[in-house]
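> Here UniProt numbering is used: position 14 in the sequence shown is 14, and no number is missing along the way.
Yeah, the Cβ is synthetic: ideal placement off N, Cα and C, and Gly gets one too.
Note that the structure is a prediction, hence the values are computed from the model and not measured.
Okay, here's the structure, questions in a sec.
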Amino acid sequence: MGSFSIWHWIIVLLIVLLLFGAGKLPKVMGDLAKGVKSFKAGLQDDSDDATPGANAPGANAKTIPNQPANTAETAAKKDEAVRS
């Protein structure tokens, strides 16, 4: 009951042939293959664009203009200001 016999698959194949026609199936499969190839090429292009240091912390950090840099000196000044 849980598995399909060869007769089930033959009936499914006949229904697909009736719906799409024997001439259209190769065209549909060719279009599907082209889609898969272009998808794989897109994935390959994305991995080529990645730089080795792109995942490093702060690699994509943005600086806000007119703001002091976050350095040890700035942190020390803030601590002194808080303590006094």
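1) Specify the secondary structure class of T71 as computed by DSSP and reduced to three states.
2) V28 and F20 - do their beta-carbons sit closer together than 8 Å?
3) With DSSP run on the structure shown, which of helix, strand or coil describes S84?
4) Helix, strand or coil: which one does DSSP assign to S5?
5) To the nearest angstrom, how far is it from the Cα of S47 to the Cα of V16?
In short:
1) On the sequence shown, residue 71 is found 71 positions in, with the first residue counted as 1. In the three-state DSSP reduction, T71 falls in the coil class, being neither helix nor strand.
2) Working through the sequence shown from its first residue, we reach residue 20 at position 20. Working through the sequence shown from its first residue, we reach residue 28 at position 28. Contact flag set, yes.
3) One-based indexing of the sequence shown puts residue 84 at position 84. DSSP places S84 in coil when its eight states are reduced to three.
4) The residue labelled residue 5 in the question sits at position 5 within the sequence shown. It is coil, neither helix nor strand.
5) The count along the sequence shown starts at 1 and reaches residue 47 at position 47. The count along the sequence shown starts at 1 and reaches residue 16 at position 16. So the two alpha carbons sit approximately 38 Å from each other.
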